[in-house]
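Q: Structure incoming, see below.
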Amino acid sequence: MPDKLGKLSVLSVNVAGIGDTPPGISWETRADRIARWAQQHTPPDIVALQEVYGWLFTPPIRSCGRGFGVSAGDYDQIDILLAAFRNATGVTYRVAYLTGSELSFGVIPCQIYHAQSVLYNPGRLVNRSDDATGSFAHDADVRGPHRRRSLPLCNRGTRLMPLETLIDGPLQTDKCGRGTPSGPATVVIPENGHIAGSFVRLAFTSDPTKVINFFNIHFNAGKAERDLPVVRELIRHVGPIGHDASSLYYPPLLAGDLNELSLAQAFPDFKMAHKPEDPEEVVMIGIGATESVPAARYRARVTQTATIPDLPQGVSCPGKPETLISDHCGVFVGIARFPGETGVATAISAISGLLR
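Using the UniProt record's numbering, the letters of the sequence shown map in sequence onto residues 1 to 356.
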């Protein structure tokens, strides 16, 4: 079984600001700040990332985040973060997936593979989403929920970590004519290459039959009303998918960036676990209300919350240039089951019970 109280922790970061907002703070510096926070506080079991650069092509006269004319290879941003975590915490995280689609931005376009990603600590969790067999495209033009493979690891730039052995899923041969890890996930991409939501099913390493359904969400700025219906469809679509619903250890977890919508507006079946106090900040982590997922075995109580970086009194997100990690803050939540519960969870009578 999982540890006695089913402890689980989640870190969520929108890393879009790893581009030029603000300029002059390297990817390596930002990754080191995230990893040092984990070292000083709690290394997370799950790391959810939104607006990841799967790869980056920079025109010679532009800087798109790595310097003028400097591009980035496949998974460079993930490679840098994985190395920072290993060096700071000793944990070598695995990549459940990194998937999305190509898009460009700017007057003289920077081209990127615009993605979401989930990392996890294999000492604590195992990926159950890669149980499915079959091949999936990494670049399918599909609007509704669909299985999608991760970006093929074809053109590496940085070579800090052995990514070939750290990305989940069976090998699949497509883009570059050689087998690369498939890293499957269930996703929705409404239009223009903007991935709005992705899903992975994890489980405790010590008891892989007890699963955690995890949703990674990002609404495009000014397009939340467009993105919301397809993400809701993703959540409905997932359901048990190959697992009896009673195998859920906790109600589903949802992390990400909702931009102009609140969690209550977007997903009333989820309760807020944590968001920064800054009213302008839009990142958050939520937990499904037990009454909406009656088959979940345990209720989840929040035991720890944090906003990253550690902000001095009076400083708002994302913090000062010498400490910020992106153009957003990150959020961290630790959860556990209620002491004494031994069976299927009962309905939560009030949100205070969920968050006490």
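Even glycine gets a Cβ: it sits at the ideal position worked out from N, Cα and C.
What's the gap between the Cα of E51 and the Cα of I195?
A: Approximately 8 Å between the Cα atoms of the pair.
Q: Can you list, in chain order, the stretches of the alpha helix (DSSP H) that have 4 or more residues and sit fully within the stretch 5–70?
A: Runs found: 27–40.
Q: Flag this pair as yes or no: are the beta carbons of G169 and P152 separated by less than 9 Å?
A: Cβ atoms of G169 and P152: not closer than 9 Å.
Q: What does DSSP give as the partner residues of V187 in its beta bridges?
A: Its beta-bridge partners are H146, S198.
Q: Counting only runs that start and end within the stretch 77–143, where is the beta strand (DSSP E) found for 3 or more residues in a row?
A: Complete beta strand (DSSP E) runs here, min 3: 94–105, 110–120, 125–127.
Q: Mapping the DSSP letters down to three states, classify P240 as helix, strand or coil.
A: No answer about P240 holds up, because its pLDDT of 49 lies below 50 and its placement is not dependable.
Q: Taking the DSSP output, what are the residues bridged to R226?
A: Note: R226 sits in no beta bridge, so no partner.
Q: So, for A38: in the same chain, excluding its five sequence neighbours on each side, which residues have a beta-carbon less than 6 Å away from its beta-carbon?
A: Around A38: T89.
Q: In angstroms with no decimal places, state the Cα-to-Cα distance between G65 and E191.
A: So the two alpha carbons sit approximately 24 Å from each other.
Q: Please confirm if the stretch 286–293 is in contact with the stretch 312–321, defined as three or more CB-CB distances below 8 Å between the two stretches.
A: No, because fewer than three Cβ pairs between the stretch 286–293 and the stretch 312–321 fall closer than 8 Å, the two stretches do not touch.
Q: Go through its chain and collect everything with a Cβ distance to P122's Cβ below 8 Å, but skip five positions before and after it.
A: Excluding sequence neighbours, P122 sits near T92, Y93, R94, T205.
Q: Can you find the residues in the same chain that come closer than 6 Å, C-beta to C-beta, to G17, ignoring five residues on each side of it along the sequence?
A: Only S326, D327 meet the Cβ criterion.
Q: Following a CB-centred definition, is E291 positioned closer than 8 Å to any heavy atom of the ligand SAH?
A: For the structure depicted, the ligand SAH is absent and the ligand set is empty, with no information on it obtainable.
Q: Who are the Cβ neighbours of V72 in its own chain at under 7 Å, not counting the five residues just before and after it?
A: In the sequence on display, residue 72 carries Ala and not Val. Excluding sequence neighbours, A72 sits near Y53, W55, L56, R66, G157.
Q: If the criterion is Cβ atoms closer than 9 Å, does the pair L324 and R30 meet it?
A: Yes, they are a contact pair.
Q: Under 8 Å by Cβ, that's how I've got G6 and Y249 pegged, so tell me the actual separation to the nearest angstrom.
A: Yes, they are in contact, since the Cβ atoms of G6 and Y249 sit about 6 Å apart, within 8 Å.
Q: Taking its Cβ as the centre, do 16 or more other Cβ atoms sit within 10 Å of C176, making it buried, or is it exposed?
A: Burial call: exposed.
Q: Can you tell me the Cβ-Cβ gap for L234 and G197, rounded? I've got them flagged as a contact below 8 Å.
A: Indeed they touch by this definition, with Cβ atoms about 5 Å apart.
Q: Would you mind working out which of A185, F199, G222 sits nearest A255, comparing C-alpha positions?
A: The residue with the shortest Cα to Cα distance from A255 is F199.
Q: For P252, which residues of its own chain have a beta-carbon under 6 Å away from its beta-carbon, when the five flanking residues on both sides are left out?
A: Around P252: N213, G288.
Q: According to the neighbour-count rule (16 or more other Cβ atoms, all chains shown, within 10 Å of its Cβ), is D45 buried or exposed?
A: D45 is buried by the Cβ-count criterion.
Q: Kindly indicate which three-state DSSP category L248 falls into: helix, strand or coil?
A: Reduced to three states, the DSSP call for L248 is strand.
Q: Can you have a look at L171 and say buried or exposed, based on whether 16 or more other CB atoms are within 10 angstroms of its CB?
A: L171 should be labelled exposed.
Q: Could you check how far apart the C-beta atoms of H146 and V187 are, in whole angstroms? I think they sit under 8 Å.
A: Right, their Cβ atoms sit about 7 Å apart.
Q: For a minimum of 4 consecutive residues, which ranges assigned as the alpha helix (DSSP H) are wholly contained in the stretch 247–317?
A: Those alpha helix (DSSP H) runs which fall completely within the stretch 247–317 and span 4+ residues are 263–266.
Q: Would DSSP call residue 392 helix, strand or coil?
A: The structure shown does not extend to residue 392, since the chain spans only 1 to 356, so no value can be given for it.
Q: In its own chain, which residues sit with a C-beta less than 6 Å from the C-beta of T42, not counting the 5 before and 5 after it?
A: These residues qualify, in order along the chain: S9.
Q: For M161 and A83, what's the separation of their Cα atoms in angstroms?
A: Taking the straight line from one Cα to the other gives about 6 Å.
Q: May I have the straight-line CA-CA distance separating W27 from D74, to the nearest angstrom?
A: Computed Cα separation, rounded: 14 Å.
Q: In its own chain, which residues sit with a C-beta less than 7 Å from the C-beta of S247, not counting the 5 before and 5 after it?
A: Hits under 7 Å: T209, K210, V211.
Q: Buried or exposed: which applies to I335, given that a residue is buried once 16 or more other Cβ atoms fall within 10 Å of its Cβ?
A: Per the 10 Å Cβ criterion, buried.
Q: Starting from R337 and walking both ways along the beta strand (DSSP E), at which residues does that stretch end?
A: Residues 330–337.
Q: For the beta strand (DSSP E) that contains L163, what are its first and last residues?
A: Run containing L163: none; DSSP gives neither H nor E here.
Q: Short of 8 Å in beta carbon distance, which residues of its chain neighbour H138, apart from the five on each side in sequence? Order them along the chain.
A: The answer, listed in chain order, is T99, R148, R149, S150, L151, P152, D174, K175.
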